[in-house]
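*Asks:* In the numbering used here, the protein residues as written are 2 to 193. Every residue gets a Cβ at the ideal spot worked out from N, C-alpha and C, and that includes glycine.
(1) Excluding the 5 residues flanking residue 164 on each side, which residues of the same chain have their C-beta closer than 6 Å to its C-beta?
(2) Are the CB atoms of residue 118 and residue 6 within a distance shorter than 7 Å?
(3) May I have the straight-line CA-CA distance separating residue 123 from residue 168, to the nearest angstrom?
(4) Taking only three categories from DSSP, how would you classify residue 128?
(5) My assumption, with CB atoms under 8 Å, is that residue 78 sits in contact with residue 140. Please give the rounded CB distance.
(6) Take the Cβ of residue 37 as the centre, count every other Cβ of all protein chains shown within 10 Å, and call the residue buried at 16 or more, exposed below.
(7) Closest to residue 158 by C-alpha separation, out of 134, 172 and 35, would be which residue?
(8) Within 10 angstroms of the Cβ of residue 137, are there 16 or more other Cβ atoms? Answer buried if so, exposed if not.
(9) Tell me which residue opens and which closes the alpha helix (DSSP H) that residue 67 is part of.
(10) Buried or exposed: residue 155, going by 16 or more other Cβ atoms within 10 Å of its Cβ?
(11) Sort out for me which residues DSSP pairs residue 35 with in a bridge.
(12) Return helix, strand or coil for residue 169, following the three-state DSSP convention.
(13) Looking only at its own chain, which residues have a Cβ that is under 6 Å from the Cβ of residue 58, when we skip the five neighbours before and after it?
(14) Using only alpha-carbon positions, find the residue among 89, 26, 25 and 143 that is nearest to residue 1.
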């Protein structure tokens, strides 16, 4: 069992509105990513949301996911990831961590990460497009404890750097792994 975790608790201050509810290809960012996680075979799917959690959960059209609220998103992305990891079932062998500001990742990339991760609970798998690394990222079960123990201010990057010998890069034909929608300008540039 490989879980899907969607981190969407940030305040979206640079965007000016909640990214989760922005529209891309006739669906919200959150619906797009949850649908990709679901259709790729991730089980369970957990989303960590911030101050707008109740509103977002009511507005999403994807119903096969668990929704939790991070009471203090200012603690950083890792604080949200820890909440999700704490809710993973014991039989979970790993998870794909997706970010709400990366809605352009192709479904095939999720499929490839899931396929690579199924038998690799001892690896961290990062997608690579034309020599650049992006999101989403797969973490095997062997790293759950390290993620839970890491200081929030270091983020998951610290766990990745501490276990670099167990990191694998997965070449994908998907520029969406690199596209991070943080500002209104980013949104306008890619949403046409």
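*Replies:* With the given structure in hand:
(1) none
(2) no
(3) 9 Å
(4) strand
(5) That belief does not hold up - the Cβ atoms of residue 78 and residue 140 are roughly 13 Å apart, past 8 Å.
(6) buried
(7) 134
(8) buried
(9) Looking at the DSSP string, residue 67 is not in any alpha helix (DSSP H); the run it does join, the beta strand (DSSP E), is 67-70.
(10) exposed
(11) Beta-bridge pairing links residue 35 to no other residue.
(12) strand
(13) 68
(14) The shown model of the chain, from 2 to 193, leaves out residue 1, and the question about it has no answer.
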